[in-house]
Amino acid sequence: MKRALILAGNMVLALLMPQMILAQWAESQEGQLTIRGGWLFDGASEERRWNTGIVIRNGKIAEVDADLQEQVLSTGDVVDLADTDTILPDMIDLMLAHGVYYDANLQMYGGINERRLHASEMLWTDEAKYFTPYAQALLEKRGEPAPESDEVEFSQRVLELKSLYDAGGAHLLVVGTDEPVYTNLLPGFAYHRELLAMTYAGIPPAAVLKAATINGARALGIDDRLGSIEPGKLADLFVVRGNLLDDIKVARDIRLVIRDGIAYDPAELLQSAEGKIGPSGPDDHADWELEIRPLRKAL
Numbered sequence: 168m169k170r171a172l173i174l175a176g177n178m179v180l181a182l183l184m185p186q187m188i189l190a191q192w193a194e195s196q197e198g199q200l201t202i203r204g205g206w207l208f209d210g211a212s213e214e215r216r217w218n219t220g221i222v223i224r225n226g227k228i229a230e231v232d233a234d235l236q237e238q239v240l241s242t243g244d245v246v247d248l249a250d251t252d253t254i255l256p257d258m259i260d261l262m263l264a265h266g267v268y269y270d271a272n273l274q275m276y277g278g279i280n281e282r283r284l285h286a287s288e289m290l291w292t293d294e295a296k297y298f299t300p301y302a303q304a305l306l307e308k309r310g311e312p313a314p315e316s317d318e319v320e321f322s323q324r325v326l327e328l329k330s331l332y333d334a335g336g337a338h339l340l341v342v343g344t345d346e347p348v349y350t351n352l353l354p355g356f357a358y359h360r361e362l363l364a365m366t367y368a369g370i371p372p373a374a375v376l377k378a379a380t381i382n383g384a385r386a387l388g389i390d391d392r393l394g395s396i397e398p399g400k401l402a403d404l405f406v407v408r409g410n411l412l413d414d415i416k417v418a419r420d421i422r423l424v425i426r427d428g429i430a431y432d433p434a435e436l437l438q439s440a441e442g443k444i445g446p447s448g449p450d451d452h453a454d455w456e457l458e459i460r461p462l463r464k465a466l
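Quick note: the sequence shown uses the working numbering, first residue 168, plus one each step.
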């Protein structure tokens with residue numbers, strides 16, 4: 168039985184070529200690889216086409232269908248393919264075949280850019296108030312954080328997300344965040360930011376909602392208990408005002424939170440959490456430190 172994996176982070180676009188040549192190309196000091204000739208099947212269209220040129224810089228595809236006639240290829244490595252060679256994007260097909268889940272985490276990788284472009288939609292409440300005064304002071308000392316990533320990486324993740332969806336992988340999309348990292352932003356609110364960012368990437372709201380519910384439950388192997396509203400499943404759900412299929416931001420306008428069949432007022436829950444997250448002072452600071460043990464021994 169094939170095991171489902173959760174893939175968080177960059178997907179690698181694998182070009183199916185001989186291993187010895189790949190090893191040789193990887194030694195380039197210029198960080199650029201140019202592939203000329205052969206045929207290209209890009210995974211998006213239904214036919215292959217002649218490859219005029221693929222330019223790869225620093226591990227990412229910089230140009231496809233590049234016109235190399237006017238370029239002087241003096242830097243990096245150049246590979247000329249035979250007429251019988253075909254270049255394939257392997258990861259999307261492999262993910263579909265093996266049921267690999269994908270969390271793009273757009274609100275983190277490009278999050279600062281998104282918060283600047285869509286300030287009122289990405290930041291709609293003061294999340295810092297949920298930290299203790301001591302923790303707030305520590306966070307303020309860190310100053311303005313550096314961008315989590317540049318626009319190139321964010322665009323790459325959007326491309327990966329949309330490519331998997333367009334290839335029939337809507338059931339493999341999941342939602343997750345890395346918060347809190349070094350800002351005063353919290354995972355619960357970040358989750359809603361991710362829902363919105365996924366719609367910005369072109370994923371329909373219905374597919375985003377499934378990614379946030381049943382897909383995640385299946386990825387974790389708990390879909391027999393959570394992820395959908397069905398008889399026999401846990402009564403953990405919430406009620407919002409409005410239609411999320413029209414506007415995913417409606418998910419933030421919560422009327423009721425139901426846990427173990429008991430209804431709670433979300434405003435009261437949030438108010439009860441104010442000033443509670445983080446150490447209260449130096450005496451209990453160490454209790455909040457996280458130690459992550461390595462999954463495997465160092466080589």
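A virtual CB, placed ideally from N, CA and C, is assigned to each residue, including glycine.
The structure presented is a predicted model; accordingly, all values stated were derived computationally and were not measured.
Going along the chain, which residues of its own chain have a beta-carbon closer than 8 Å to the beta-carbon of residue i, five neighbours each way excluded?
i      : result
Leu273 : Glu281, Phe321, Arg324, Val325, Leu328, Glu361, Ala364, Met365, Tyr367 and Ala368
Ile188 : Residue confidence for Ile188 is low, a pLDDT of 31 falling below 50, so the modelled location carries little weight and cannot support an answer.
Ala334 : Gly210, Ile259, Asp260 and Leu263
Tyr431 : Leu423, Val424 and Ile425
Leu436 : Val424
His396 : What sits at residue 396 in the sequence shown is Ile, not His. These residues qualify, in order along the chain: Leu404.
Measure how close the beta-carbons of residue i and residue j come, nearest whole angstrom, since I'm counting them as under 8 Å.
i      : j      : result
Tyr301 : Ser447 : 6 Å
Phe356 : Glu288 : Their Cβ separation, rounded to whole angstroms, is 12 Å, which puts Phe356 and Glu288 out of contact at 8 Å.
Arg422 : Val406 : 5 Å
Thr299 : Gly409 : Going by Cβ atoms, the distance from Thr299 to Gly409 rounds to 34 Å, so no, they are not a contact pair.
Asp141 : Ile381 : In the structure as shown, the chain starts at 168 and stops at 466, and residue 141 therefore has no counterpart that could be examined.
Asp244 : Leu284 : Rounded, the Cβ-Cβ distance is 37 Å, inconsistent with contact.
Thinking just about the alpha-carbon of each residue, which of the options is nearest to the one in residue i?
i      : options                           : result
Arg426 : Leu393, Gly409, Leu305 and Lys443 : Leu393
Val222 : Arg216, Arg215 and Ala233         : Ala233
Gly198 : Tyr268, Lys227, Tyr431 and Leu284 : Lys227
Pro449 : Ile389, Asp345, Ala374 and Ala304 : Ala304
Tyr332 : Ala229, Leu284, Val267 and Lys296 : Val267
Met275 : His359, Leu235 and Asp432         : His359
Tyr297 : Lys464, Lys443 and Arg460         : Lys443
Val417 : Asn225, Leu376, Leu235 and Arg224 : Leu376
Cutting at 7 Å between CB atoms, please list the residues of its own chain near residue i, excluding the five before and the five after it.
i      : result
Asp247 : Arg203 and Gly204
Pro372 : Thr366, Leu411, Leu412 and Ile415
Thr253 : Gly205, Trp206, Phe208 and Arg215
Leu353 : Glu294, Tyr297, Glu346 and Pro347
Would you mind reading off the limits of the beta strand (DSSP E) that contains residue i?
i      : result
Tyr268 : Tyr268 to Asp270
Gln274 : Per DSSP, Gln274 belongs to no beta strand (DSSP E) and is neither H nor E.
Val245 : Asp244 to Asp247
Arg422 : Ile421 to Arg426
Lys227 : Lys227 to Val231
Could you pull out every residue in the same chain whose Cβ sits closer than 6 Å to the Cβ of residue i, ignoring the five residues on either side in sequence?
i      : result
Leu306 : Asn351
Leu457 : none
Leu261 : none
Thr219 : Asp232
Ser330 : Ile259
Ala229 : Val222
Asn225 : Gly198
Which residue comes first and which comes last in the alpha helix (DSSP H) that contains residue i?
i      : result
Leu306 : Pro300 to Lys308
Ile259 : Met258 to His265
Original post:
Taking one C-beta from the region 376–393 and one from the region 338–350 each time, how about it: are there three or more such pairs within less than 8 Å?
Top reply: Yes, since at least three Cβ pairs between the region 376–393 and the region 338–350 fall closer than 8 Å, the two stretches touch.
Subject >> Stretch pair the region 394–410 + the region 451–460: three plus CB contacts closer than 8 Å >> reply: no
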